[in-house]
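Numbering (my numbering), first residue to last: 765 to 891. Each residue gets a CB set at the ideal place from its N, CA and C atoms; glycine is no exception.
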Amino acid sequence: MQDSVRITYVYRNLPLQFDDKIRAINAFPLDMCEFDIILEFPDVFPDELLGIPPVREVEFNIELIPGAEPISKAPYRMAPVELKELKDQLQELLERGFIRPSVSPWGAPVLFVKKKDGSMRLCIDYR
């Protein structure tokens, strides 16, 4: 591990619950490649993910409050270049196995945020 790390942002007064007490802490994001322990286990922490984990023999359901209706917001308007980027990114995510088609009545709009290098980051608005 290096003697120092570069910090670009600090999250202040984050609530952390520990031993039934809530404390306010300051935290900062770290690049995981900075940690030697992660580099020692490439089978656990691969550089590229191969897809979503396999389906497991676990049954899971979410019990809704009686009378609750699915939340589905209208999509945000996008410029033609954004629509093309959305199509390209969704196709790549499908091909890599990170997502699969769905007909769920639940839905959230997506938008793009431009990264420093000019590429587009796909974001989902779950508010």
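Chain-order list of residues whose beta-carbon lies under 6 Å from that of residue i (same chain, five-residue window excluded)
i, result
"Y890", "A872"
"Y775", "A791"
"R787", "L780"
"I863", "L857"
"F809", "I802"
"I789", "L778, L780"
Supposed close pair residue i, residue j - CB separation, criterion 8 Å
i, j, result
"P834", "P869", "4 Å"
"M884", "E827", "Actually they are not in contact, since the Cβ atoms of M884 and E827 sit about 37 Å apart, beyond 8 Å."
Proximal residues to residue i (C-beta, below 7 Å), its chain only, five neighbours per side dropped
i, result
"R860", "G815"
"G831", "none"
Residues of its chain near residue i, where Cβ-Cβ distance is below 8 Å and the 5 sequence neighbours each way are ignored
i, result
"K837", "G871, A872, P873, D889"
Burial state of residue i (16 or more Cβ within 10 Å)
i, result
"D784", "exposed"
Residue i CB to nearest heavy atom of the ligand FMN below 6 Å
i, result
"K878", "Only the bare structure without any ligand can be found here, which leaves the ligand FMN out of the picture."
Counting only runs that start and end within the stretch 774–831, where is the alpha helix (DSSP H) found for 4 or more residues in a row? 800–803
When you compare the stretch 873–881 with the stretch 837–845, are there three or more beta-carbon pairs, one atom per stretch, that lie closer than 8 Å? yes
Below 8 Å, how does it come out for the stretch 845–857 and the stretch 819–835: are there three or more Cβ pairs, yes or no? Contact between the stretch 845–857 and the stretch 819–835 is absent, because fewer than three Cβ pairs lie under 8 Å.
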